[in-house]
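Notes for the one structure printed next.
Take a look at the structure:
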């Protein structure tokens, strides 16, 4: 068993949706509002149809087959709706944003020990509203919203860009996120260690893409202890999952 020692990390690169913000709850509240306002179909079938459309479009976005504007409009076009519904959904996502219970206190503690940067994908206007609503921007020295930099996850260039803003090095940094594909992929391409926030606490996922994971934690509170002391917890290597979009 490793003994506690001073952490070698100086910078934590932290994802937003699914890591700090309870995205499943946020999205569900927004979708229920949109269904109530614009759709006549049953709620269950509406939710099922949306997720069937949205997931593959996010996968296409990550693979550079579509851009973000195409994603935001196409998912609703396939649901028989137009730009008004797309805009209403984005507004609702911002207004319904809710943090995981431990997120604020974890950020408070971590920001006293490490330099924090928020690294998020998604629509910039929506992400900015989420930050204002949750009031967590103050914990970060830098906020990088990928499309504003002309980048997207899982491109390693996104983390290189963030580190350049902080004048930091990959060896001093740790990426923290809930998505092995998006966040872990960024970390792998940038040569940065990765901490997977696996809130479901499931079994070790199959190795399909060779993304190294230094830590697997079930909530952000654990990161304070494990990263601060540099003691590996639930360490595994070459972990990968086919995750949902965040």
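Residue numbers (the working numbering): 4 to 249.
The C-beta atom is built at its ideal place from N, Cα and C for all residues, glycine as well.
{"Query": "Beta-carbon proximity check, residue 96 vs residue 29, cutoff 9 Å", "Result": "yes"}
{"Query": "Where the beta strand (DSSP E) through residue 145 begins and ends", "Result": "145 to 148"}
{"Query": "Contiguous alpha helix (DSSP H) assignments of at least 4 residues, all confined to the stretch 31 to 71", "Result": "46 to 65"}
{"Query": "Contact check, residue 58 vs residue 181, beta carbons under 9 Å", "Result": "no"}
{"Query": "Residue 44, buried or exposed, once every other Cβ within 10 Å from all chains shown has been counted against 16", "Result": "exposed"}
{"Query": "Buried versus exposed call for residue 199 [16 or more other C-beta atoms within 10 Å across all chains shown]", "Result": "buried"}
{"Query": "Contacts around residue 75, its chain only, beta-carbon distance under 8 Å, and the 5 residues preceding and following it disregarded", "Result": "89, 93, 126"}
{"Query": "Under the three-state DSSP convention, the category residue 180 falls into", "Result": "strand"}
{"Query": "Three-state secondary structure (DSSP) of residue 92", "Result": "helix"}
{"Query": "Identified DSSP bridge partners for residue 123", "Result": "148"}
{"Query": "Buried/exposed call for residue 68, threshold 16 Cβ in 10 Å", "Result": "exposed"}
{"Query": "Assigned secondary structure, residue 1 (DSSP; H/G/I helix, E/B strand, else coil)", "Result": "As shown, the chain starts at 4 and ends at 249. That puts residue 1 outside it, with no answer to give."}
{"Query": "Spatial neighbours of residue 152 in its chain, beta-carbon cut-off 6 Å, leaving aside the 5 residues before and after", "Result": "164"}
{"Query": "Run of the alpha helix (DSSP H) containing residue 162, from where it starts to where it stops", "Result": "159 to 169"}
{"Query": "C-alpha gap between residue 110 and residue 139, whole angstroms", "Result": "8 Å"}
{"Query": "Local Cβ density within 10 Å of residue 70, reported as buried at 16 or more and exposed below that", "Result": "exposed"}
{"Query": "Secondary structure of residue 173, DSSP reduced to three states", "Result": "helix"}
{"Query": "Beta strand (DSSP E) segment containing residue 15, residue limits", "Result": "14 to 17"}
{"Query": "Pair within 9 Å by beta-carbon distance, residue 16 and residue 195", "Result": "yes"}
{"Query": "Residue(s) in a DSSP beta bridge with residue 218", "Result": "198"}
{"Query": "Check whether residue 187 and residue 216 have beta carbons under 9 Å apart", "Result": "yes"}
{"Query": "Euclidean distance between Cα positions of residue 168 and residue 145", "Result": "8 Å"}
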